[in-house]
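Numbering (my numbering), first residue to last: 274 to 600.
Just so you know, even glycine gets a beta-carbon here, dropped at the ideal spot from N, CA and C.
In this text, all values refer to a predicted model and were calculated from it rather than measured experimentally.
Single-structure report; data block below.
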Ligand code: ATP
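Written out as structure tokens, the structure is:
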């Protein structure tokens with residue numbers, strides 16, 4: 274059933290937090306909802322959980338309209354908010370039985386144990402929540418989102434504040450849950466979306482700027498994008514030779530070769546580049562598109578949506594560097 278959002282608008286007074294967005298999330302996939310702070314992720318998620326109505330547009334979650342049938346939606350959605358309101362003096366089991374009671378779940382004891390088991394916490398069932406690590410508490414939150422066996426899981430930045438090992442554990446758990454549920458997973462960490470998600474929806478200032486598989490988005494930007502050239506010979510002469518080639522706007526020295534930026538996205542400059550390099554007496558070792566990661570895709574797409582051209586970057590931003598910046 275999944276999630277289907279069409280032309281959704283949500284305003285807070287004068288502020289339009291979500292400006293007519295459309296996207297979908299399918300069952301059996303983890304869909305990443307990616308965007309910087311204030312992009313509108315939490316607002317959208319709150320609408321999709323049936324807790325706050327949109328101003329206009331449509332959102333169908335697990336087959337029910339969030340506006341017309343919000344109770345049916347709430348029964349089928351598990352929501353992990355950014356800050357999980359846990360009762361710290363309760364044990365994990367008691368807390369989950371309490372959530373089960375609120376949710377009207379039958380056989381609360383069995384269900385509490387089943388979800389604790391699902392998130393790998395059955396051994397800590399009788400520990401008070403305040404004695405659990407942050408990562409474990411986040412898993413209790415996830416267990417509470419699963420208590421009523423929902424088809425759809427909406428997770429708002431679930432890895433924030435966790436240590437690196439806890440982050441990896443939680444990502445694995447989310448990937449596993451994605452195989453049988455519809456999971457919408459928000460993050461502002463680009464490499465995280467690339468690792469966890471089958472599909473990403475990129476939102477910026479309340480607007481969707483792109484959606485698709487991370488690899489598809491990368492391929493789209495690599496087409497007609499920057500080219501990396503590695504060749505043996507005098508580097509200064511090589512740089513000069515490459516700059517003479519038609520359709521080359523800029524050539525810059527990067528750690529692993531020369532990065533060429535074409536003038537136009539339409540004409541592929543590679544055949545002319547290869548000729549110039551070989552005819553110039555250089556040994557051509559490698560010519561390939563510069564690998565684009567989600568970090569670069571995000572910068573490029575948000576710039577495109579703002580109508581500003583992307584600057585030429587000399588060095589690839591690696592996924593790891595993006596992660597370090599975000600951590
Ligand atoms: P973050 O990662 O920082 O949580 P986000 O992508 O989830 O960001 P939202 O929290 O949905 O973004 O916020 C989108 C916009 O709506 C922001 O400009 C924010 O200031 C505004 N906003 C959010 N909640 C409210 C509110 N209750 N009242 C007024 N404005 C709000």
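If you draw a straight line from the alpha carbon of residue i to that of residue j, how long is it in whole angstroms?
i           : j           : result
residue 278 : residue 441 : 30 Å
residue 288 : residue 330 : 17 Å
residue 286 : residue 431 : 28 Å
residue 334 : residue 401 : 34 Å
residue 492 : residue 303 : 20 Å
residue 365 : residue 391 : 13 Å
residue 544 : residue 426 : 49 Å
residue 306 : residue 499 : 27 Å
residue 462 : residue 297 : 20 Å
residue 275 : residue 359 : 28 Å
residue 280 : residue 291 : 9 Å
residue 351 : residue 419 : 6 Å
residue 284 : residue 310 : 17 Å
residue 336 : residue 319 : 17 Å
residue 572 : residue 546 : 27 Å
residue 293 : residue 328 : 10 Å
residue 449 : residue 299 : 15 Å
residue 361 : residue 375 : 18 Å
residue 388 : residue 373 : 11 Å
residue 592 : residue 406 : At residue 592, the pLDDT of 38 sits below 50, so the modelled position is not reliable; the number obtained from the coordinates is stated separately. Looking at the two C-alpha atoms, the distance is approximately 27 Å.
residue 424 : residue 377 : 17 Å
residue 326 : residue 340 : 6 Å
residue 548 : residue 515 : 10 Å
residue 458 : residue 501 : 34 Å
residue 445 : residue 354 : 19 Å
residue 314 : residue 534 : 33 Å
What are the boundary residues of the alpha helix (DSSP H) that residue i is part of?
i           : result
residue 390 : 381-391
residue 368 : 365-376
residue 408 : 407-419
residue 445 : 437-451
residue 345 : 343-349
residue 320 : 314-321
Between which two residues does the beta strand (DSSP E) holding residue i run?
i           : result
residue 396 : Run containing residue 396: none; DSSP gives neither H nor E here.
residue 279 : 276-285
residue 606 : No answer is possible for residue 606: it lies beyond the span of the chain, which begins at 274 and ends at 600.
residue 455 : 455-460
residue 305 : 302-307
residue 332 : 329-334
residue 433 : Element bounds for residue 433: n/a, residue is neither H nor E.
Less than 8 Å between CB atoms is the rule here; does residue i satisfy it with respect to chain B?
i           : result
residue 416 : Absence of chain B from the displayed structure is noted, only one protein chain being present.
### Query
Whose CB is closer than 6 Å to a heavy atom of the ligand ATP? List the residues in chain order.
285, 288, 290, 308, 310, 311, 312, 313, 314, 315, 316 and 461
### Message
To test your reading of the DSSP string, which unbroken alpha helix (DSSP H) runs of 4 or more residues are found completely within the stretch 525-557?
### Response
543-552
### Within the stretch 467-525, ranges of the beta strand (DSSP E) (whole runs, at least 3 residues)
472-477, 480-485 and 500-505
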